[in-house]
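Visitor: I have a structure I would like to understand better, so I am pasting it below and will then ask my questions one at a time.
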Amino acid sequence: MSFQQGLSGLNSSSKNLEVIGNNIANAGTYGSKSSRAEFADVYANSVGGSGNVGIGVRVANIAQQFSQGSLVSTSNSMDVAINGDGFFQLKSSSGDLLYSRNGQFKVDNQGFVVNGQNQRVQGYGVDPQGAIQTGVRTDLQFPTGGLDPKETGKISMALNLDSRSKVTMPTPTVPATDSIKLDDATTYNNATSVQAYDAKGQPATVEFYFQKSAAATVGSKDQWNIYAAVGGKVLGDAIPAKPIIEGLTFDSAGLHPKLSDGTALGSITLPDIPMDTSHAAIAGIKFDMSDVTQFGTGFTISESSQNGNAPGQLTGLTIDADGVINARYSNGLTRGAGQLELASFRNAQGLRAVGGNAWMGTPESGAALSGAPGSGTLGVLQSGALEESNVDMTGELVNMITAQRLYQANAQTIKAQDQVLQTLVNLR
1 MSFQQGLSGL NSSSKNLEVI GNNIANAGTY GSKSSRAEFA DVYANSVGGS GNVGIGVRVA
61 NIAQQFSQGS LVSTSNSMDV AINGDGFFQL KSSSGDLLYS RNGQFKVDNQ GFVVNGQNQR
121 VQGYGVDPQG AIQTGVRTDL QFPTGGLDPK ETGKISMALN LDSRSKVTMP TPTVPATDSI
181 KLDDATTYNN ATSVQAYDAK GQPATVEFYF QKSAAATVGS KDQWNIYAAV GGKVLGDAIP
241 AKPIIEGLTF DSAGLHPKLS DGTALGSITL PDIPMDTSHA AIAGIKFDMS DVTQFGTGFT
301 ISESSQNGNA PGQLTGLTID ADGVINARYS NGLTRGAGQL ELASFRNAQG LRAVGGNAWM
361 GTPESGAALS GAPGSGTLGV LQSGALEESN VDMTGELVNM ITAQRLYQAN AQTIKAQDQV
421 LQTLVNLR
């Protein structure tokens, strides 16, 4: 028996206590992962024989445990938690690529998404049309200014006209008068409106009126006329007022809308919207309602959209489960602003901890496998949440007591060896 076994036991137990203490210290650190001290016995080199006595113990490895931590909700939409496999990717000030599970992000004064150490979050940007550039990693950056106004150039509508509707078009008169009176609901069947915008983003409410008229000839189908109006006046200069779509018919199934000349309904150009005190003139708006049907159900609008907008200021950001970041504006619009990219490793325990809740890749970890959240084996994201440390406090306290007892036991072996040597010294 020598002092070496006891000393190695003391050193290993001390290192184990350090690991346990570090786990306990970081139990409240978001994205932190617990570590475990792994030990190996030590034997002296010898030739032959099977009765060798070990000479102690050594710390073989400090292994980090990358099990999932609990997710806790926060009130910050820029807080993001990973539910599943993967790491956020960060670029340090020196250009190194780091990996982290801590999703406490913010936007700096240049519009870059950064963490608490001002390391830039990596992801996919967007092109001028707002499409995400998947596969092209970059520093995520958002425009800090507002959304410019855009003049409406197209209005689209998908709806159903009730085939059971009664004819509301009045009998023609001589001289001709308007066949629709906007202030008389008995002259049309249904109405709806869409907000359009001029070049400065000033709104103009475009109203659409749907009027069922009797069949043009005996045995033919009833028809529909559609009028467009702004400010209580039907668009266009015709007298009497002229519909933008006239004599619309459907087949027996209520499908395949056709115009009075037999051509299929397609996109048309609305008459110019005249200028008034609240907005400028708007010209050349394309109107598409080719998805219209005529079923025996009520008048319903399944889609109504236009491509213009008022100016808006950035009011906030939200992050979807697939990592897509959406910018919210004061005009009610949302625009895609980028997408977070995650990375995974074949051997996550091979990563090297560098502090600040971050790791670096090593040859032992293998190359990073990057992709969008939810793709492959990568986890999904939860916005407004953070991942807590995976440290089990109860287990760590038990481990600390065990490590302390082991330290005391190894101290006893040194004490026993000292007593043996003292006995030898006292021999006469």
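Going by UniProt numbering, 218 is the number at position 218 of the sequence shown; the sequence numbering is gapless.
Ideal Cβ placement from N, Cα and C applies to all residues, glycine included.
#1: Does the Cβ of valine 80 have 16 or more other Cβ atoms within 10 Å, making it buried, or fewer, making it exposed?
#2: Taking the C-alpha atoms as reference points, what is the distance between isoleucine 401 and aspartate 418?
#3: So isoleucine 132 and glycine 336 are in contact, right, with Cβ under 8 Å, and what is the actual spacing, rounded?
#4: Is the beta carbon of glycine 84 closer than 9 Å to that of glutamine 313?
#5: List the DSSP bridge partners of tyrosine 124.
#6: Let's test the definition: count the other Cβ atoms within 10 Å of the Cβ of residue 441 and tell me whether it reaches 16, buried, or not, exposed.
#7: Going by DSSP in three states, arginine 101 sits in which element: helix, strand or coil?
#8: Per DSSP, what kind of secondary structure is isoleucine 55 in: helix, strand or coil?
#9: Can you find the residues in the same chain that come closer than 6 Å, C-beta to C-beta, to serine 305, ignoring five residues on each side of it along the sequence?
#10: Would DSSP call methionine 169 helix, strand or coil?
#11: Would serine 267 and glutamate 246 be called neighbours here (beta carbons separated by less than 9 Å)?
#12: Nearest to threonine 168 by CA position, among Thr186, Gln129, Pro149, Glu151, is which residue?
#13: The alpha helix (DSSP H) with leucine 421 in it runs from where to where?
#14: Tell me which same chain residues have a C-beta within less than 8 Å of the C-beta of leucine 333, skipping the five on either side of it?
#15: What separation, rounded to the nearest whole angstrom, lies between the Cα atoms of asparagine 225 and isoleucine 244?
#16: With a cut-off of 8 Å on the beta carbons, I'd call methionine 393 and isoleucine 24 a contact; round off their distance for me.
#17: Have a look at Gly56, Leu140, Arg137, Ala343 and flag the residue whose alpha-carbon is nearest the alpha-carbon of phenylalanine 3.
Guide: Concretely, from the data shown:
#1: Buried, since its Cβ has 16 or more Cβ neighbours within 10 Å.
#2: Counting only the Cα atoms, aspartate 418 lies some 26 Å from isoleucine 401.
#3: With a Cβ gap of about 6 Å, isoleucine 132 and glycine 336 count as contacting.
#4: In this structure, glutamine 313 lies away from glycine 84, with their beta-carbon atoms at least 9 Å apart.
#5: Answer is Arg137, Gln339, bridged to tyrosine 124.
#6: Residue 441 lies beyond the stretch modelled for the chain, which goes from 1 to 428, so this question has no answer here.
#7: Reduced to three states, the DSSP call for arginine 101 is coil.
#8: Three-state DSSP puts isoleucine 55 in coil, outside helix and strand.
#9: Hits under 6 Å: Ser156.
#10: Note: methionine 169 maps to coil in three-state DSSP.
#11: Using a Cβ distance threshold of 9 Å, serine 267 and glutamate 246 do not count as a contacting pair.
#12: In terms of Cα proximity to threonine 168, the closest of Thr186, Gln129, Pro149, Glu151 is Thr186.
#13: Unbroken alpha helix (DSSP H) run through leucine 421: 393–425.
#14: Taken in chain order, the residues that qualify are Leu147, Asn309, Gly312.
#15: If I take the Cα positions, the gap works out to 8 Å.
#16: Confirmed, Cβ separation roughly 7 Å.
#17: If you compare the alpha carbons of Gly56, Leu140, Arg137, Ala343 with that of phenylalanine 3, the shortest gap goes to Gly56.
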